[in-house]
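> Okay, so the sequence shown: first residue is 305 according to the numbering used here, each after it adds one.
Mind looking over this structure? Questions follow.
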Amino acid sequence: MQEVYLDNSATTKPLTEVIDYVSKVLTNNYGNPSSLHNKGLAAEKIIKEARNLIAAYLKTNPEEIYFTSGGTEANNLAIRGVCYNYSNRGKHIITTEVEHPSVKETFLALEEEGYEVTFLKADQQGYISIDKLVQTIREDTILVSIIHVNNELGTIHSISKIAELIKKSNSKTFFHVDTVQSFGKVLLLPADWGIDLLTISAHKIHGPKGIGALYVKKGIDLKAQIIGGGQENGLRSGTENVPGIAGFIPALKKLPEYTVEKPYDLSVNKLKNYFIEKITQKCPTAHINSPQEGAPHIVSISFPGARGEVLVHGLESEGVFVSTGSACHSKSHEKSHVLRAIKLPPEKIDGTIRISFSRYNTRQEINYAISKISEQLKLYF
Ligand SMILES: Cc1ncc(COP(=O)(O)O)c(C=O)c1O
305 MQEVYLDNSA TTKPLTEVID YVSKVLTNNY GNPSSLHNKG LAAEKIIKEA
355 RNLIAAYLKT NPEEIYFTSG GTEANNLAIR GVCYNYSNRG KHIITTEVEH
405 PSVKETFLAL EEEGYEVTFL KADQQGYISI DKLVQTIRED TILVSIIHVN
455 NELGTIHSIS KIAELIKKSN SKTFFHVDTV QSFGKVLLLP ADWGIDLLTI
505 SAHKIHGPKG IGALYVKKGI DLKAQIIGGG QENGLRSGTE NVPGIAGFIP
555 ALKKLPEYTV EKPYDLSVNK LKNYFIEKIT QKCPTAHINS PQEGAPHIVS
605 ISFPGARGEV LVHGLESEGV FVSTGSACHS KSHEKSHVLR AIKLPPEKID
655 GTIRISFSRY NTRQEINYAI SKISEQLKLY F
């Protein structure tokens, strides 16, 4: 049976080069980067190369990149790190109703600790109102955290514009951006755009799981959340995940470069548009929740009357892998907070699946997936 993997926002298949290099590093470069002998130095060299590659891709400085255990930890570190170090300036923090749980839950926990949180509402396509954001920023606002590409909808927030307006409203407010779903998928220029803190994760770009990084603009002092041996310049203690960091390297080397003229992968966008065109022809009642100008790799689609979970399992039995709403919700019975935030009616939420592409998917795979989705839907209608 053919296998078609269309759940690339949940995670991506590691590249062969990644698997080979991780295995090579585990075999030969098992030294502790803190050791003084050459096994340690060899491991340290790998970390340096990965840090340099991330910095080069983001057009930042290597000293501004800190490795973490993934996007979740980087989001926690950015948000708590700012809050605990700058609470003398104020305790008001702002985020949106459509964040990944690693941001949302961190804000909720901080609210319990006495921080005042504003959750900005999103419209039907997942966009926040920038005017509303500006009105919300106060003298005591120390942090704004906004997702770049929404993991459930693909909505792209205009980060450069948002950063400019935040700084105009309060030049002391820090701006954190969760770019786990945008890094390597769409144009991202943290320094030019005025981002202070930015989160990335390797497993969304065909690298290994359990490794991510936080960009921290020079001059920002975060309170470390994991303390101990002082690795990562004291910001994140713990012996470095050298195999994971090594696995980042081939994945980074393979990332497409984007420009203002070509801000994303045109072939992935074509696949997405082709999928939307064909599926809506075959199933006219289907409702696309993602904005037309959303990220090239994510489509949220509702089939009213169907059940997302049943569809996921039906498709899996045909070798097609997709997700209900978001992977972070698939094991919970609670309806997706993002789909609720955009006011999707409950019957549409129940019938929602998320299709997410990679640059390695082919049109033939999309045709196969469309035929299998249509077959599954025939069981309903
Ligand atoms: C937008 C977003 N932020 C953060 C994360 C968490 O990243 P990680 O899985 O590396 O912890 C994810 C993962 O799905 C995500 O989609």
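Backbone N, C-alpha and C define an ideal beta-carbon position, used for all residues, glycine too.
Where does Phe487 sit, in a helix, a strand or coil, going by DSSP?
Here Phe487 carries a coil assignment [DSSP, helix/strand/coil].
> Sorry if obvious, but does the Cβ on Ser406 come closer than 6 Å to a heavy atom of ligand 1?
yes
> Quick one: give me the first and last residue of the alpha helix (DSSP H) that Ala517 is part of.
Here Ala517 belongs to no alpha helix (DSSP H); instead the beta strand (DSSP E) covers 516-520.
> Which whole runs of the beta strand (DSSP E) in the region 596-671 are 3 residues long or more, in chain order?
602-606, 656-660
> Over the uninterrupted alpha helix (DSSP H) stretch that includes Glu353, give me the two end residues.
342-362
> Beta carbon of Gly551, beta carbon of Gly374: below 7 Å?
no
> Beta-carbon separation of Phe411 and Val421 under 7 Å?
yes
> For Val484, is the beta carbon positioned less than 6 Å from some heavy atom of ligand 1?
yes
> Between the region 346-361 and the region 379-389, are three or more C-beta pairs nearer than 8 Å?
no
> Can you look up Ile470 in the DSSP assignment and give me helix, strand or coil?
Three-state DSSP puts Ile470 in a helix.
> What does the alpha-carbon distance come out to for the pair Gly629 and Asn455?
9 Å
> Mapping the DSSP letters down to three states, classify Glu679 as helix, strand or coil.
In the structure shown, Glu679 adopts helical secondary structure according to DSSP, grouped into three states.
> Could you give the residue range of the beta strand (DSSP E) that holds Ile432?
First-last for Ile432: undefined, no H or E at that position.
> DSSP state of Tyr684, grouped into three classes?
coil
> Shorter than 6 Å, the distance from the beta carbon of Asn455 to the closest heavy atom of ligand 1, or not?
Result yes, Cβ under 6 Å from ligand 1.
> Could you compute how far the alpha carbon of Val424 sits from the alpha carbon of Leu437?
The residue you asked about is not Val; residue 424 is Leu in the sequence shown. Whole-angstrom Cα-Cα distance: 7 Å.
> Express the C-alpha separation of Pro366 and Asp654 in angstroms, rounding to a whole number.
44 Å
> Measuring CB to CB, does Gly498 end up less than 7 Å from Ile446?
no
> Pull up the distance between the alpha-carbon of Ile504 and that of Tyr568, whole angstroms please.
17 Å
> Check this for me: beta carbons of Ile524 and Asn474, under 7 Å apart or not?
no
> Between Glu620, Val520, Ser338, Ala314, which has its C-alpha nearest Gln535's C-alpha?
Ser338
> Thinking C-beta only, is Val603 closer than 7 Å to Arg663?
No. Outside cutoff.
> Which one of Leu501, Tyr562, Leu681 has the shortest CA to CA distance from Gly612?
Leu681
> Could you check whether the Cβ of Gly344 sits closer than 6 Å to any heavy atom belonging to ligand 1?
no
> Since Ile509 and Lys465 should fall inside the 8 Å C-beta cutoff, what is the C-beta to C-beta distance between them, to a whole number of angstroms?
Ile509 to Lys465, Cβ: 25 Å. No contact.
> Helix, strand or coil for Glu401, going by three-state DSSP, please let me know.
coil
> Quick check on Lys408: buried or exposed, where buried means 16 or more other Cβ atoms within 10 Å of its Cβ?
Residue environment for Lys408: buried (at least 16 other C-beta atoms within 10 angstroms of its C-beta).
> Under the three-state reduction of DSSP, which class applies to Leu502: helix, strand or coil?
strand
> Specify, as a first and last residue, the run of the alpha helix (DSSP H) that Tyr390 falls within.
Segment 375-390, the alpha helix (DSSP H) holding Tyr390.
> Taking C-alpha atoms, which residue in Ser660, Leu491, Tyr672 lies nearest to Thr315?
Ser660
> So Val329 is in the alpha helix (DSSP H); what residue range does that whole segment cover?
Residue range 320-332 is occupied by the alpha helix (DSSP H) that includes Val329.
> Taking C-alpha atoms, which residue in Tyr672, Thr364, Pro554, Val642 lies nearest to Ile432?
Val642
> For Val308, name the three-state secondary structure that DSSP assigns.
strand
> Would the beta-carbon of Ser505 be found less than 6 Å away from any heavy atom of ligand 1?
yes
> Could you check if Tyr325 is buried or exposed, using at least 16 other CB atoms within 10 Å of its CB as the buried criterion?
buried
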